[in-house]
């Protein structure tokens, strides 16, 4: 027989065992009587298994998730957040934290969600705007460098490109309309 | 628009005519969104929070959905206003407790509210009476797109929308239905239902979310996971779970009528009597009585036209709403008396129950 299970939250012998099947993945939580009561597991009013799984995955005895995070960067360069802050609050400090503490986040997600990859809505406009902004910054830097190095032909090309990108909606719409038009033509020619 | 004007305006929840699906009182969808390059509200310093608040209020207020709206810092609202907004499910209890650097934007018909600097920078919510997952999604999707035109969302191609708590990553979407399940409660099947729903990856909670009780036999059922599945797939899965709970509830009602109609009619008849004659009524007792009356309407004991009254009172019997009518900071005994008076008045000319429909010949 298996050795008695320990409570995922406090480590005492567990007497309440929850199993949840999401898709075909099985998630288990083991709790002692007291923690089960405290978390409302026995209450028909309901409880959230996700929160329990989150806490269980943060318990160093229950999984190595936090240790894995510790071996990576210990402080988020963007906001100063540390893994022990996460242990305390159960929330991260800033969007950048998910990169900084990727080693800690990934194992957590597996037990928490249906998958580990986003497959839903994407903020196209925000992404477009950002890449446009990045491109403008890049071109501007290139232009300054070209002028400094007296590469005037390059500078003129960069200036024209900048001007085109800075014309807002009109130029963007043109490129967007032009793009989908070409692939079908290519496939039809290859089919022949 | 001022908050007092908003609360006096007919709202989706308190003034809609009978919903098509009797069991589902309302449908809600919320999206968690954050601004790229800024600390989450729980970690941000106060000046950062104020900066984010100002930006979000401007961006959200400029959307077509929020043309006529209340747009206010939480600190400027009175305690009573906040309580009423919580009772109408427009803001969370957590947000109503924040002192500084948080805000709300709520549209006129109160179908859409945006909380600023709650757990995430933005919590966008759409609320519709009845079973309306599709409609709610298309509305919130459009609002989200409009806000995105103005703000840079924190987004990662792998993890989706980045949120303070990893349980909301991915779509950042929580969809829920508020369900009226009196027959499942009376026939003690709720525990079984909760367990089954949990196994399907959905969460059951009381009327006001985590840790709240389910007075009035009203439960909230929502999706638990947000990552690894598209919004449409989550809504489809939730929709089919909700549909099957509706069927279970309707079956339980049939069964109660068949096996124990005397006991059921007794409960409903007594509820009617108390609501017409009470002089002291707590909000939780009111919820339970109104819940029974609503069941009576579903069973055809009362005319369908009376549903609007019970649905409205389910919201308006709550402490904040009663206090707003009382016009002052009432102590709870006075509030109970006022609530009872209100019920006597509302139910004075409420049609008598007609049990003949179900009487066996």
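Residue numbers (the numbering used here), protein chains in the order written: chain U, 0 to 191; chain A, 59 to 419. Backbone N, C-alpha and C define an ideal beta-carbon position, used for all residues, glycine too.
What does residue 235 (chain A) pair with, by DSSP beta-bridge criteria? As a working note, residue 235 (chain A) is residue 177 in the second chain. For residue 235 (chain A), which the question treats as bridged, DSSP gives the partners A:85, A:279.
Determine the closest residue to residue 111 (chain A) out of A:87, A:397, A:179, A:165, with distance taken between C-alpha atoms. As a position in the second chain, residue 111 (chain A) is number 53, starting the count at 1. Of A:87, A:397, A:179, A:165, the residue nearest in Cα terms is A:179.
Within 10 angstroms of its Cβ, does residue 120 (chain U) collect 16 or more other Cβ (buried), or is it exposed? Locating residue 120 (chain U) in the first chain gives position 121, counting from the first residue. The residue in question, residue 120 (chain U), is buried, as its Cβ has 16 or more Cβ neighbours within 10 Å.
Simplified DSSP state of residue 93 (chain U), which is helix, strand or coil: By 1-based counting over the first chain, the position of residue 93 (chain U) is 94. Of the three classes helix, strand and coil, the one that applies to residue 93 (chain U) here is coil, per DSSP.
So is residue 45 (chain U) in contact with chain A if we call contact Cβ pairs under 8 Å? Within the first chain, numbered from 1, the residue matching residue 45 (chain U) stands at position 46. Low per-residue confidence applies at residue 45 (chain U): pLDDT is 48, beneath 50, and the placement is therefore not dependable, though the value from the model is reported in the following sentence. Chain A contact via Cβ: present.
Contacts of residue 211 (chain A) in chain U (Cβ-Cβ under 8 Å): Position 153 of the second chain, counted from the first residue, corresponds to residue 211 (chain A). Simply 122, 125.
For the alpha helix (DSSP H) containing residue 346 (chain A), name the first residue and the last one. As a working note, residue 346 (chain A) is residue 288 in the second chain. Residue 346 (chain A) -> alpha helix (DSSP H) spans 341 to 356.
Using a threshold of 8 Å, state whether the C-beta atoms of residue 220 (chain A) and residue 227 (chain A) are closer than that. If you number the second chain from 1, residue 220 (chain A) lands on position 162. If you number the second chain from 1, residue 227 (chain A) lands on position 169. In this structure, residue 227 (chain A) lies closer than 8 Å to residue 220 (chain A) by Cβ.
Provide the residue(s) that pair with residue 219 (chain A) in DSSP beta bridges, ordered along the chain. Position 161 of the second chain holds residue 219 (chain A). In the DSSP output, where bridge partners are listed per residue, residue 219 (chain A) has A:213, A:228.
For residue 16 (chain U), count neighbouring C-beta atoms within 10 Å of its own C-beta (all shown protein chains included) and say buried if the count is 16 or more, exposed if not. Within the first chain, the letter at position 17 stands for residue 16 (chain U). Exposed, since its Cβ has fewer than 16 Cβ neighbours within 10 Å.
Extract the residue ranges of the alpha helix (DSSP H) inside the stretch 126 to 168 of chain A, only unbroken runs of 4 or more that lie entirely within it. 137 to 145, 151 to 155
Please say whether residue 310 (chain A) and residue 201 (chain A) have beta carbons closer to each other than 8 Å? As a position in the second chain, residue 201 (chain A) is number 143, starting the count at 1. As a position in the second chain, residue 310 (chain A) is number 252, starting the count at 1. In this structure, residue 310 (chain A) does not lie closer than 8 Å to residue 201 (chain A) by Cβ.
Rounded separation between residue 368 (chain A) and residue 385 (chain A) - CA only: For the purposes of this step, residue 368 (chain A) is taken as residue 310 along the second chain, with counting starting at 1. For the purposes of this step, residue 385 (chain A) is taken as residue 327 along the second chain, with counting starting at 1. Near 23 Å, if we compare the C-alpha coordinates of residue 385 (chain A) and residue 368 (chain A).
So what's residue 120 (chain U) in DSSP terms, helix, strand or just coil? Against the first chain, residue 120 (chain U) aligns to sequence position 121. Three-state DSSP puts residue 120 (chain U) in coil, outside helix and strand.
Put residue 11 (chain U) into one of helix, strand or coil per three-state DSSP. Counting from one through the first chain, the residue named residue 11 (chain U) turns up at place 12. If DSSP states are grouped into helix, strand and coil, residue 11 (chain U) belongs with coil.
Which of the three DSSP states, helix, strand or coil, is assigned to residue 187 (chain A)? One-based indexing of the second chain puts residue 187 (chain A) at position 129. In this structure, residue 187 (chain A) counts as strand in the three-state DSSP scheme.
Could you spell out the range, first to last residue, of the alpha helix (DSSP H) harbouring residue 150 (chain U)? Within the first chain, the letter at position 151 stands for residue 150 (chain U). Looking at the DSSP string, residue 150 (chain U) is not in any alpha helix (DSSP H), and its letter there is neither H nor E.
Could you tell me the distance, in whole angstroms, from the CA atom of residue 134 (chain A) to the CA atom of residue 392 (chain A)? On the second chain, position 76 is the one that residue 134 (chain A) refers to. On the second chain, position 334 is the one that residue 392 (chain A) refers to. Near 27 Å, if we compare the C-alpha coordinates of residue 392 (chain A) and residue 134 (chain A).
8 Å Cβ shell around residue 251 (chain A) - same chain, five flanking residues per side excluded: Counting from one through the second chain, the residue named residue 251 (chain A) turns up at place 193. Contacts found: 239, 242, 262, 303, 306.
Flag this pair as yes or no: are the beta carbons of residue 260 (chain A) and residue 296 (chain A) separated by less than 8 Å? Here residue 260 (chain A) corresponds to residue number 202 of the second chain, with the count starting at 1. Here residue 296 (chain A) corresponds to residue number 238 of the second chain, with the count starting at 1. For residue 260 (chain A) and residue 296 (chain A), yes; Cβs fall inside 8 Å.
Measure from the alpha carbon of residue 64 (chain A) to the alpha carbon of each residue in A:175, A:158, A:166, A:154, then state which is nearest. Residue 64 (chain A) sits at position 6 when you count from the first residue of the second chain. Here the closest residue by C-alpha is A:166.
Any C-beta of chain U under 8 Å from that of residue 341 (chain A): Walking along the second chain from the start, residue 341 (chain A) turns up at place 283. It does not; no Cβ of chain U falls within 8 Å.
In three-state DSSP terms, what is residue 410 (chain A)? Translated into positions along the second chain, residue 410 (chain A) becomes position 352. Coil.
In whole angstroms, what separates the C-alpha of residue 34 (chain U) from that of residue 8 (chain U)? Numbered from 1 along the first chain, position 35 holds the residue referred to as residue 34 (chain U). Numbered from 1 along the first chain, position 9 holds the residue referred to as residue 8 (chain U). So the alpha carbons of these two residues sit roughly 7 Å apart.
Within the 8 Å Cβ cut-off, does residue 113 (chain U) reach chain A? On the first chain, position 114 is the one that residue 113 (chain U) refers to. So, interface residue.
Do we get a CB-CB distance below 8 Å when we pair residue 96 (chain A) with the residues of chain U? Within the second chain, residue 96 (chain A) is the residue found at index 38, counting from 1. Answer yes: the Cβ-Cβ gap between residue 96 (chain A) and chain U drops below 8 Å somewhere.
Excluding sequence positions up to five away, which residues of its chain have a Cβ less than 7 Å from the Cβ of residue 115 (chain A)? Position 57 of the second chain, counted from the start, is the residue given in the question as residue 115 (chain A). Contacts found: 129, 161, 163, 174.
Identify every residue that forms a DSSP beta bridge with residue 28 (chain U). On the first chain, residue 28 (chain U) is found 29 positions in, with the first residue counted as 1. In the DSSP output, where bridge partners are listed per residue, residue 28 (chain U) has U:17.
Mind checking residue 184 (chain A): buried by the 16 CB within 10 Å criterion, or exposed? Numbered from 1 along the second chain, position 126 holds the residue referred to as residue 184 (chain A). Answer is buried; the Cβ neighbour count reaches 16.
So, using beta-carbon positions, are residue 61 (chain A) and residue 195 (chain A) closer together than 8 Å? By one-based count along the second chain, residue 61 (chain A) stands at place 3. By one-based count along the second chain, residue 195 (chain A) stands at place 137. Not a contact, by the Cβ cut-off of 8 Å.
Considering only C-alpha positions, which residue in the set U:27, U:105, U:87, U:96 is nearest to residue 77 (chain U)? Along the first chain, one-based indexing puts residue 77 (chain U) at 78. When each option's Cα is compared against that of residue 77 (chain U), the closest is U:96.
Determine, for residue 224 (chain A), whether the minimum Cβ-Cβ distance to residues of chain U falls below 8 Å. Working through the second chain from its first residue, we reach residue 224 (chain A) at position 166. Yes, contact with chain U.
Residues of the stretch 286 to 307 of chain A whose Cβ lies closer than 7 Å to any Cβ of chain U, in chain order: 286, 287, 288, 289
Please determine if the stretch 338 to 354 of chain A and the stretch 374 to 389 of chain A are in contact, where contact requires at least 3 C-beta pairs separated by less than 8 Å. yes
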